[in-house]
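Peer 1: Structure provided below as structure tokens; questions to follow.
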Amino acid sequence: LGLNTVSLTVLCHTASSIVILPNASNARGMFALLRASVLLRGSIADMVSDSDISALLMNKMDTGKRRSRGLQGHMPSFASCDLADSSCALDSLQSPTLIYTGGETRCINGDDYAFVVIPGDHAKLLYYFQGGGACWEGGEADEKHAHWHCTDSMDACKGTMGYGNGVLDSQSDNNPFKDYTVVMPLYCSGDVFMGNTSLSGSPQRGYANNLAILSWAKTNFPSELSHFVVAGWSAGALGARIWAETLLGSFSYKKAAVLADSHIGFLPGKTVQKVMKRWGVCDTPLMPAEMRSRCQEEDVTIHETYQAAMAKFPSVPFVGIQSKYDRTQMWFAEMFGQTLGGDPHFVLTEGEYIEEVNRIVESHQKYANHKSFMINSDKHCYLGEEAFWYASPAGAWSHEVKPLLYTWVSNLVSSEPGSSGSECIEVQGDSLTKCPHFRT
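Counting from 1 along the sequence shown, just add 124 to a position and that's the residue number in my numbering.
Quick look at the structure:
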């Protein structure tokens, strides 16, 4: 790997895997090295997600019991198509394909941008935002330093997409999305798909990237979809939240749902408002017109825009999948608090984090179409991982308790949905399992 100037540390050694971490000061270098440093059963077969990398760097990663297939799936080898040379029509795609968008689209490192299409039933669309950390500018007290904790290249995106796992497992009859066509906005802008700015001279064009994908999708899918699901994991969950109103208003469908996996949007103080303005979303159509002036004044949160979408589409279920003490979300909340919130010593206890999560969930309860699946765990992300099949409200791997996450999601998105109300289990005497107050 050419690590002549970087020493390596074995962080985690189990029967199935060895994770090697470099001791390096450059965060972007760490991320690149770590992607190539997950050895599974003696071979480099799987890649680690950047959200998990951040947790690994802080020694806070969930130690799940069923990681034999790796953290984020196999490195895929896809066909490719370029919109500069072709229409890349959906009807012409015979296999999973990378479609390069051209124009104003870019990764934060300058790579040409592309998204993934996995062909299936053209009347069923899973619009699935990839995750992968965040990159942002700190505040005055932080001397406006750039913080690089995101996937920043096309190669990194391909290595962390989770292909073959969870909702992208086309072989499992239990997968409710087995026969869907998947459109996957890859994430290499560090701005949770809302950016319209630059960071230390590097482009953050998450808004333009997804706008190009949406333009292609509107041209290629039928006038009415039977099923339309907007979903995302980690940073992609925030992408799903901020784009929900635009996407739901861009297609006709018989059945739709929004699934936000493992990012509830909590950052301390006014750091959410600050980073939204810094990323430039205030000036884009993603921001409702009535909120734009307040956004410029750093007075709009992602929860407000998400709730505006809930109100506009009352027949669509908006779903949050959330571990109660997700350590990766906690780590990012601490980093934002320290760098953008003005408190270099800011830390969160698990109890404090759970209180904030419950507060946000309860604020959504005034909308009858909001549902939560809350899990007694510290694990980060479910939809694209093996835990999708095992998770229940009792834990990430507590499959003996019902409902299981995948059956609950199946009920939500099926043509004749079963009962899928909010789910949460509180263990007497265990404050870390505290549930929010759900609507009765």
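Note that CB positions come from ideal geometry on N, CA and C, so glycine has one too. Since this is a predicted model, take the numbers as computed values, not measurements.
Alpha carbons only, please: which of A280, F456, G330, Q431 is nearest the one belonging to G444?
Peer 2: Numbered from its first residue, the sequence shown carries residue 444 at position 320. Ranking the options by Cα distance to G444, first place goes to Q431.
Peer 1: Consult DSSP for S538 and reduce its assignment to one of helix, strand or coil.
Peer 2: Start at 1 with the first residue of the sequence shown, and residue 538 comes out as number 414. S538: coil per DSSP, three-state reduction.
Peer 1: Quick one: Cα of D279 to Cα of G553, how far?
Peer 2: Counted from its first residue, the sequence shown places residue 279 at position 155. Counted from its first residue, the sequence shown places residue 553 at position 429. Spanning the two alpha carbons is a distance of roughly 46 angstroms.
Peer 1: With a floor of 3 residues, list each beta strand (DSSP E) that falls wholly inside the region 370-457, ordered by position along the chain.
Peer 2: Fully enclosed beta strand (DSSP E) runs of 3 or longer: 377-385, 442-447.
Peer 1: Return helix, strand or coil for V143, following the three-state DSSP convention.
Peer 2: Translated into positions along the sequence shown, residue 143 becomes position 19. Residue placement at V143 cannot be trusted, given a pLDDT of 40 that sits under 50; what the coordinates show is reported in the next sentence. Residue state, collapsed to three classes: strand.
Peer 1: Can you tell me whether DSSP reads C281 as helix, strand or coil?
Peer 2: For the purposes of this step, residue 281 is taken as residue 157 along the sequence shown, with counting starting at 1. Note: C281 maps to helix in three-state DSSP.
Peer 1: With a 10 Å radius around its C-beta and 16 neighbouring C-beta atoms as the bar for buried, classify G475 as buried or exposed.
Peer 2: Numbered from its first residue, the sequence shown carries residue 475 at position 351. Result: exposed.
Peer 1: Count the CB pairs spanning the region 265-275 and the region 502-519 that are closer than 8 angstroms, and state whether there are at least three.
Peer 2: At 8 angstroms Cβ cutoff, the stretches do not touch.
Peer 1: Counting pairs of Cβ atoms below 8 angstroms between the region 542-551 and the region 493-502, do you hit three or more?
Peer 2: Touching, yes.
Peer 1: CB-CB under 8 angstroms to L429, same chain, minus the five flanking residues each way: which ones, in chain order?
Peer 2: Taking the sequence shown and counting its residues from 1, the one referred to as residue 429 is at position 305. The amino acid occupying residue 429 in the given sequence is Thr; Leu does not appear at that position. For T429, where only same-chain residues beyond five positions count, the Cβ hits under 8 angstroms are R365, I366, E369, L410, M411, P412, M415.
Peer 1: With a threshold of 7 angstroms on Cβ separation, who are the neighbours of T395 within its own chain once the five nearest residues in sequence on each side are excluded?
Peer 2: Numbered from 1 along the sequence shown, position 271 holds the residue referred to as residue 395. Closer than 7 angstroms at the Cβ level, and outside the excluded window around T395, lie F460, G461, L464, G465.
Peer 1: If you draw a straight line from the C-alpha of S539 to the C-alpha of G325, how long is it?
Peer 2: As a first step, residue 539 is located in the sequence shown; it is residue number 415 there, counting from the start. As a first step, residue 325 is located in the sequence shown; it is residue number 201 there, counting from the start. Rounded to whole angstroms, S539 to G325 spans 47 angstroms at the Cα level.
Peer 1: Contact between the region 321-340 and the region 383-392: three or more CB pairs below 8 angstroms?
Peer 2: Segments in contact, no.
Peer 1: I need the straight-line Cα distance from V537 to H469, nearest angstrom please.
Peer 2: Stepping through the sequence shown from its first residue, residue 537 is reached at position 413. Stepping through the sequence shown from its first residue, residue 469 is reached at position 345. Approximately 43 angstroms, taken between the alpha carbons.
Peer 1: By the 10 Å Cβ neighbour count, where 16 or more other Cβ atoms means buried, how is R230 classified, buried or exposed?
Peer 2: Here residue 230 is taken as the residue at index 106 of the sequence shown, counted from 1. The residue is buried, with at least 16 neighbouring Cβ atoms inside 10 Å.
Peer 1: Examine the Cβ distances between the region 202-209 and the region 294-311 and report whether three or more of them are shorter than 8 angstroms.
Peer 2: Touching, no.
Peer 1: Quick test of the definition: if touching needs 3 or more C-beta pairs under 8 angstroms, does the region 303-316 touch the region 356-363?
Peer 2: Yes, the region 303-316 touches the region 356-363.
Peer 1: Determine the direct distance from the alpha carbon of P392 to that of G290, and round the result to whole angstroms.
Peer 2: Taking the sequence shown and counting its residues from 1, the one referred to as residue 290 is at position 166. Taking the sequence shown and counting its residues from 1, the one referred to as residue 392 is at position 268. Roughly 31 angstroms separates the two Cα atoms.
Peer 1: Less than 8 angstroms between the beta carbons of N500 and P517, yes or no?
Peer 2: Against the sequence shown, residue 500 aligns to sequence position 376. Against the sequence shown, residue 517 aligns to sequence position 393. Their beta carbons are under 8 angstroms apart, which means N500 touches P517 by this criterion.
Peer 1: Apart from the five residues just before and just after E509, which ones in its own chain have a Cβ nearer than 6 angstroms to its Cβ?
Peer 2: Taking the first residue of the sequence shown as 1, we reach residue 509 at position 385. These residues qualify, in order along the chain: N289, G290.
Peer 1: Does the beta-carbon of E458 have 16 or more other beta-carbons within 10 angstroms, so that it is buried, or is it exposed?
Peer 2: Within the sequence shown, numbered from 1, the residue matching residue 458 stands at position 334. Counting Cβ neighbours within 10 Å, E458 comes out buried, since at least 16 surround it.
Peer 1: For Y491, collect the residues of the same chain with a Cβ closer than 6 angstroms to its Cβ; drop the 5 residues on either side in sequence, then sort them by chain order.
Peer 2: Within the sequence shown, numbered from 1, the residue matching residue 491 stands at position 367. Once the five neighbours on either side are set aside, the close Cβ partners of Y491 are M434.
Peer 1: Are the Cβ atoms of W260 and H271 separated by less than 8 angstroms?
Peer 2: Here residue 260 refers to the residue found at position 136 of the sequence shown. Here residue 271 refers to the residue found at position 147 of the sequence shown. Taking 8 angstroms as the Cβ cut-off, W260 and H271 qualify as a contacting pair.
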